[in-house]
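Enquirer: Once you've had a glance at the structure underneath, I'll fire off some questions.
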Amino acid sequence: MLLVWLYGVMVVGAVSRSAVQISTEFGKAPLAYSLSAVAGLVYGFITYSLVRGGEKARRAALVCCAAELAGVLIVGTWTLVEPSAFPDATVWSDYGMGYLFIPVLLPLSAMYWLRGRSAGSR
369 MLLVWLYGVM
379 VVGAVSRSAV
389 QISTEFGKAP
399 LAYSLSAVAG
409 LVYGFITYSL
419 VRGGEKARRA
429 ALVCCAAELA
439 GVLIVGTWTL
449 VEPSAFPDAT
459 VWSDYGMGYL
469 FIPVLLPLSA
479 MYWLRGRSAG
489 SR
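For the sequence shown, the working numbering begins at 369 and goes up steadily by one.
This is the structure:
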């Protein structure tokens, strides 16, 4: 239940942030704002999968969490190595520092929890 709640909060944060940024100042940092929107969609799909339940949804959430973690690590490293590519922050900038590192900790926690779950333990 805690994972669903945390992912739900991240959906609201990422989607609302990117919607405002894309609608008001997209030309300033299109890559950053687009990546924040993608993060919001990923969070939304993971939230849906966790709520849906079942083995198929668990596996889909596990794959999406791995993709999310890869995105956080790639974008986080990219923002440190080449900050000029990101005139404004994304949800995953600096490994999610602007979100208290939740973007890097959440997929790790979710993958740990999801790997421990199986169809028989639900």
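We put the CB at the ideal spot given by N, CA and C, even for glycine.
Could you check which residue in Ala400, Leu468, Ala405 and Gly395 has the C-alpha nearest to that of Val379?
Expert: Ala405
Enquirer: For Tyr411, which residues of its own chain have a beta-carbon under 7 Å away from its beta-carbon, when the five flanking residues on both sides are left out?
Expert: Taken in chain order, the residues that qualify are Tyr375, Met378, Val379 and Ala382.
Enquirer: For Phe469, which residues of its own chain have a beta-carbon under 7 Å away from its beta-carbon, when the five flanking residues on both sides are left out?
Expert: Tyr463
Enquirer: Exposed or buried, which one is Val419 when buried takes at least 16 other CB atoms within 10 Å?
Expert: exposed
Enquirer: Starting from the C-beta of Trp481, find all residues in its chain whose C-beta is less than 8 Å away, skip the five residues before and the five after it, and write them out in chain order.
Expert: Leu371
Enquirer: From which residue to which residue does the alpha helix (DSSP H) around Arg427 run?
Expert: Glu423 to Val449
Enquirer: Under 8 Å by Cβ, that's how I've got Gly479 and Cys433 pegged, so tell me the actual separation to the nearest angstrom.
Expert: Correcting the residue type first, residue 479 is Met in the shown sequence and not Gly. Indeed they touch by this definition, with Cβ atoms about 5 Å apart.
Enquirer: Can you tell me whether DSSP reads Thr392 as helix, strand or coil?
Expert: helix
Enquirer: Once the 5 residues before and after Trp460 are set aside, which same chain residues still bring their CB inside 7 Å of it?
Expert: Leu403, Ala407, Gly439, Val440, Val443, Gly444 and Pro471
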